[in-house]
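Notes follow once the structure below has been shown.
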Amino acid sequence: MEPIYTEQDADRSALKGGRVAIIGYGSQGRAHARNLRDSGFDVIVGARAGGGAEKRAKADGFHPVSPAEAAKGADLVALLSPDMSHRDVYANDIAPNLAPGAALLVAHGFSVHYGQIDPRKDIDVVLVAPKGPGDLVRREYEIGRGVPCLFAVQQDASGSARAKALAYASGIGGTTGGAIETTFAEETETDLFGEQAVLCGGASELVIAGFQTLVEAGYKPEVAYFECLHELKLIVDLLYEGGLAKMLHFVSETAKYGDFVSGPRVINDETKARMREVLTDIQTGKFARDWIEENETGKKAYQAMYDADLERPIEKVGARLRAQMAWLQNQPETKAA
């Protein structure tokens with residue numbers, strides 16, 4: 510069994526006394542900055558002048574400076590801006606200013622693993638990846654708990670990179686929730702696979718296919734929406750809270766029997782073969798190369814696919830039905846990363 514590291518395994522003195530710079534003040538960046546500050550770390554936020562990140566940071570009581578200025582004198586720079594910005598931010602703002610022996614930290618290994626960043630050899634390169642969105646990282650910290658996280662060391666120039674990663678994880682609540690050691694390759698490749706094959710790509714395509722199958726068979730779109738999308742949350746919540754055991758305990762015997770005999774007819778060896786193709790594209794770097802090229806050429810195909818998804822019949826039916834669900838109104842937005 511893989512060890513789970515907790516608060517007793519983390520030594521915050523590996524970072525305390527030094528400065529932690531947070532560059533990128535979105536979902537994760539905002540949560541990390543506030544949690545670290547409340548944990549007693551010296552935190553500075555790097556943000557572009559006049560931008561939304563600078564305004565949010567000021568509202569939270571920080572005194573943001575430019576990303577380049579934040580990197581100067583920092584013992585650790587957490588690069589938490591979107592993946593596709595990492596190459597430029599590192600090259601222009603971090604690499605010229607980060608002191609030898611200091612650390613570069615990311616919350617997802619994409620830019621390092623796929624060579625968008627070529628870190629200087631005289632700095633530490635570490636990863637701390639909470640397994641939850643930023644607002645959950647903050648909420649759990651505020652009530653004295655924490656979201657589990659992964660941590661990894663890619664480059665240890667100082668001899669204390671691992672200690673710095675665990676100290677940072679402790680500061681954001683990760684060792685309270687439990688931290689598991691991994692590698693940049695494992696975190697990056699499994700994260701991309703999960704998103705594409707199960708969590709986003711797989712789940713949404715399964716929902717859409719189920720909805721289409723019922724509607725094409727003559728059933729009302731509204732009923733199909735409830736059965737294939739709306740009730741999915743109930744099952745996911747049970748799985749999240751207690752795995753297969755809790756889900757099977759709470760669904761009916763009819764549902765259980767249908768699960769056993771029909772689930773493998775939908776998700777089968779052919780599906781797994783397609784999943785292996787997805788994983789191969791990730792492992793070989795094909796997905797990364799395609800996504801980087803898509804960004805560099807203006808994201809036209811990406812935008813077309815995005816717009817097409819929003820025009821699906823299930824979206825139009827769902828919007829009308831959700832408008833009647835009072836408990837969904839005025840809900841805060843939740844970003845996964």
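My numbering numbers the first residue of the sequence shown as 510 and each following residue consecutively.
Here a beta-carbon is modelled for each residue, glycine too, at the ideal position from N, C-alpha and C.
**Q.** DSSP-derived helix/strand/coil call for Y623
**A.** Translated into positions along the sequence shown, residue 623 becomes position 114. It is coil, neither helix nor strand.
Q. So, is N630 buried or exposed, given that buried needs 16 or more other C-beta atoms within 10 angstroms?
A. Along the sequence shown, one-based indexing puts residue 630 at 121. Reading the sequence as shown, one finds Lys at residue 630 and not Asn. Exposed is the call here.
Q | Nearest candidate by alpha-carbon position, reference S620, set G555, F796 and G711 | A | On the sequence shown, position 111 is the one that residue 620 refers to. Out of G555, F796 and G711, F796 has the C-alpha closest to the C-alpha of S620.
Q.
When you compare the CB positions of A661 and D633, do they come within less than 7 Å of one another, or not?
A. As a working mapping, residue 661 is identified with position 152 in the sequence shown. As a working mapping, residue 633 is identified with position 124 in the sequence shown. No; because the gap between Cβ atoms is not below 7 Å, this pair is not in contact.
Q. Is A562 near D602, with beta carbons less than 7 Å apart?
A. Walking along the sequence shown from the start, residue 562 turns up at place 53. Walking along the sequence shown from the start, residue 602 turns up at place 93. No, the Cβ-Cβ distance between A562 and D602 is not below 7 Å.
Q | In chain order, each alpha helix (DSSP H) run of at least 4 residues that lies wholly inside the stretch 666 to 721 | A | Correct list: 670 to 680, 683 to 686 and 693 to 702.
Q. Where DSSP assigns a beta bridge to G561, which residues make up the other side?
A. Taking the first residue of the sequence shown as position 1, residue 561 is located at position 52. According to DSSP, which records beta bridges pairwise, G561 is partnered with nothing at all.
Q. Among Q721, M834, S679 and L819, which one has its Cα closest to the Cα of D518?
A. As a working mapping, residue 518 is identified with position 9 in the sequence shown. Taking only the C-alpha atoms, the option nearest D518 is S679.
Q. To which residues of the same chain is R546 closer than 7 Å at the C-beta, ignoring the five residues directly before and after it?
A. Taking the sequence shown and counting its residues from 1, the one referred to as residue 546 is at position 37. Cβ contact annotation for R546 (same chain, cutoff 7 Å, sequence separation greater than five): V552, in chain order.
Q.
Could you check whether L659 and V615 sit closer than 7 Å to each other, using their CB atoms as the reference points?
A. Taking the sequence shown and counting its residues from 1, one reaches residue 615 at position 106. Taking the sequence shown and counting its residues from 1, one reaches residue 659 at position 150. Not a contact, by the Cβ cut-off of 7 Å.
**Q.** From S667, G686, K781 and L738, residue whose alpha carbon lies closest to that of A523
**A.** Taking the sequence shown and counting its residues from 1, the one referred to as residue 523 is at position 14. A523 has its Cα closest to that of S667, out of S667, G686, K781 and L738.
Q: Sort V707, L723 and A754 by Cα distance to K781 and report the nearest one.
A: As a first step, residue 781 must be located in the sequence shown, where it is residue number 272. Comparing alpha carbon positions, the residue from V707, L723 and A754 closest to K781 is V707.
**Q.** Nearest-angstrom beta carbon gap, I532 and S590 [assumed within contact, 8 Å]
**A.** Walking along the sequence shown from the start, residue 590 turns up at place 81. Walking along the sequence shown from the start, residue 532 turns up at place 23. S590 to I532, Cβ: 6 Å. Contact.
Q | Spatial neighbours of R821 in its chain, beta-carbon cut-off 8 Å, leaving aside the 5 residues before and after | A | Locating residue 821 in the sequence shown gives position 312, where the first residue counts as 1. Once the five neighbours on either side are set aside, the close Cβ partners of R821 are I717.
Q | Rounded separation between I681 and D746 - CA only | A | Your numbering for residue 681 matches position 172 in the sequence shown. Your numbering for residue 746 matches position 237 in the sequence shown. Taking the straight line joining both Cα atoms gives about 25 Å.
Q. Does the beta-carbon of N544 have 16 or more other beta-carbons within 10 angstroms, so that it is buried, or is it exposed?
A. Here residue 544 corresponds to residue number 35 of the sequence shown, with the count starting at 1. Sixteen is the threshold: when 16 or more other Cβ atoms of the shown chains lie within 10 Å of the Cβ of N544, as they do, the residue is buried.
Q) Which value, in whole angstroms, describes the spacing of the CA atoms of V814 and A828? A) Within the sequence shown, residue 814 is the residue found at index 305, counting from 1. Within the sequence shown, residue 828 is the residue found at index 319, counting from 1. For clarity, residue 814 is Met in the given sequence; the question names Val instead. Answer to the nearest angstrom: the Cα atoms are 19 Å apart.
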